[in-house]
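For the sequence shown, this note's numbering begins at 1 and goes up steadily by one.
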Amino acid sequence: MDKGQKLRQIPGMDIVLNYEWLQTWLEKLGRLRVKRIINQRLSELRERILHDDDIEFSPEAFKESCLNALAFASRPSLRRVINAAGVVIHTNLGRSLIAHEAVKSMSEAASYYSNLEYDLRAGSRGQRNSHVEDLLCALTGAESAMAVNNNAGAVLLALSALSKNSEVIMSRGELVEIGGSFRIPDIMELSGAKLIEAGTTNRTHLYDYERAITENTSMLMKIHPSNFRIEGFTCSPERKELANLAHEKNLIFMEDAGSGLLVDSEVINLPANSGEISIKACLERGADLVTFSGDKMLGGPQIGGIVGRRKILDKLKKYPLARALRVDKVTLSAFEATLRLYSQGMLDEIPTLRMLRRDDSDMKAQAERLAGELAKKINAEVKVSVCEVEDAAGGGSCPEIKLTGWGVVIKHKNFGAGYLQKILRGLEVPILTGARENELVLHVRTLQDGEEQIIINELAGVLNA
Ligand SMILES: *Cc1c(COP(=O)(O)O)cnc(C)c1O
């Protein structure tokens, strides 16, 4: 059969829409969506016939591919998954989980009217920012604070409002790309500030900053290098020295702190040399302005926090870009609730902190329990054991810190880890796991309440099949 004949075998849309097996889907998804899905399948089929001599129209294969696509389209696209990969702040999996208290606040803020921008005591217009400002100031020692959409937005706002058309000096060792397309030079350009590079990749001295200062300089900026470390022959000035230099020359010293630590790094078991310091410590060392993410180490929703001197924050609050970056009420309520947990010292109620601080023996016991249950449920083709694993904080935090955790290792006689991982990703509640030497590894650190049982049931189904 030539290609023309093969193509003519493909049914037209009108015929497909009358197929018996499609009728319930038309009701379920609506005619327009079904037509789009069928159209995609039909064009894909045409493409494949044109490019591959072995392909021709098969009613069964076509039906199956349509039904798969329809079933996929009928499920919500943004869905819960189980993180058995041991990366706590996993950017692709939504970074931080929101604390239960905060979820309650979100639900109220979403379902009812609120005093979002209404001052209940005065009976007049209020400030959206007022719901988090005092808490942020108390937790960081700042004079003033605000929240915007995310940290990228916070940096953009600060640079635009404070340094448009003037020079911002940064160390060459800190000109980083964070991932997800946050590159400091690009944000700088977008803001209208002029980036002046000081020093070299591995070493930048105070005098490098000093020499780079001109009458057109407005700011010295420091940025947390996040998921990147320069090791060996390195140096950079202390924050205090940078702050002193900036203030001597009437400049602003700003720090993009990245992760947003609101507690001392020891509280989450980070060693002193982790490179992570709290927002409070940044301000104490002389930063005029610090920005950070809400959903990394802070463990809250996606926001960008900005704390610092009142005069500077007043400028930012009035700057028109602030309006474009404002936080929505549901997110703001989650942020306030998370900050309240901090101020009450209830750190283990904050999922990110709880998972980062998890006890070794507790994780070991959990891995042994899960392995025991799995061994009972699955057949002899599979070997289950426990082992120590390397977890990660993630989210561009502390790349060099080893977070040791525990995991369950699953070794299947016939199936490799890649194959099993693919099946687990296709489940109703997809399960994402680690792997090593072609064995599946389930890291227990990042499992949530009730997820062990889901894993047991699903794995029994998959492995015994
Ligand atoms: C993660 C990160 C950002 C981006 O923050 P978002 O909240 O994702 O916008 C910016 N700077 C640093 C240093 C970071 O680590």
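Glycine included, C-beta positions come from ideal geometry on N, C-alpha and C.
| Asked | Found |
| --- | --- |
| C-beta atoms of S96 and G305 nearer than 8 Å | no |
| Residues that E177 bridges to, as DSSP identifies them | R183 |
| Other residues of its chain near L370: CB distance less than 6 Å, five sequence neighbours each side excluded | V408 and E452 |
| Bridge partners - N83, DSSP secondary structure assignment | L432 |
| Where the beta strand (DSSP E) through E210 begins and ends | Careful: E210 lies outside any beta strand (DSSP E), inside the alpha helix (DSSP H) at L206 to A212. |
| Every unbroken beta strand (DSSP E) within the segment 258 to 341, with a cutoff of 3 residues, ordered by chain | 289 to 293 and 304 to 308 |
| Secondary structure of F57, DSSP reduced to three states | coil |
| Sequence-distant residues of its chain with Cβ nearer than 6 Å to P430 (five each side left out) | V81 |
| Chain-order list of residues whose beta-carbon lies under 8 Å from that of C137 (same chain, five-residue window excluded) | E143, S144, A145 and V307 |
| Within 8 Å, strictly: CB atoms of E197 and L245 | no |
| Near ligand 1: H131 beta-carbon under 7 Å from a heavy atom | no |
| Short Cβ contact (8 Å threshold) for K164 with S191 | yes |
| Bridge partner(s) assigned by DSSP for W406 | E388 |
| Proximity test, S171 beta-carbon vs ligand 1 heavy atom, cut-off 7 Å | no |
| Helix, strand or coil at H224 [DSSP, three-state] | coil |
| Nearest-angstrom Cα separation, counted from L432 out to V382 | 19 Å |
| CA-to-CA distance, R172 to K317, given in whole angstroms | 30 Å |
| Where D362 sits in the DSSP three-state scheme | helix |
| Distance between beta carbons of R354 and N269, contact taken as under 8 Å | That pair is no contact at about 12 Å. |
| G30 (DSSP reduced to helix, strand or coil) | coil |
| Three-state secondary structure assigned by DSSP to E458 | helix |
| First and last residue of the uninterrupted beta strand (DSSP E) at V441 | E439 to H443 |
| Buried or exposed by the 16-neighbour rule on C-beta atoms within 10 Å, applied to I15 | exposed |
| 3 or more residues per run - each beta strand (DSSP E) lying fully within the segment 95 to 148 | 144 to 148 |
| I223 beta carbon near ligand 1 (any heavy atom closer than 7 Å) | yes |
| Straight-line gap, V444 to S124 (C-alpha atoms, nearest Å) | 50 Å |
| Heavy atom of ligand 1 within 7 Å of N151 beta-carbon | yes |
| Outcome for T200 when other beta-carbon atoms lying within 10 angstroms are tallied against a minimum of 16 | exposed |
| Cutoff 6 Å; reference Y342; Cβ partners in own chain excluding five residues on either side | L139 and L262 |
| Coil, strand or helix - I89 by DSSP | strand |
| G304: CB within 7 Å of a non-hydrogen atom of ligand 1 | yes |
| Local conformation of F62 per DSSP, three classes | helix |
| Opening and closing residue of the alpha helix (DSSP H) in which E248 lies | R239 to E248 |
| Identity of the residue in L427, E336 and G426 nearest A109 by Cα | E336 |
| Three CB pairs or more closer than 8 Å across the segment 146 to 157 and the segment 317 to 334 | yes |
| Cβ-heavy atom distance, S293 to ligand 1, below 7 Å | yes |
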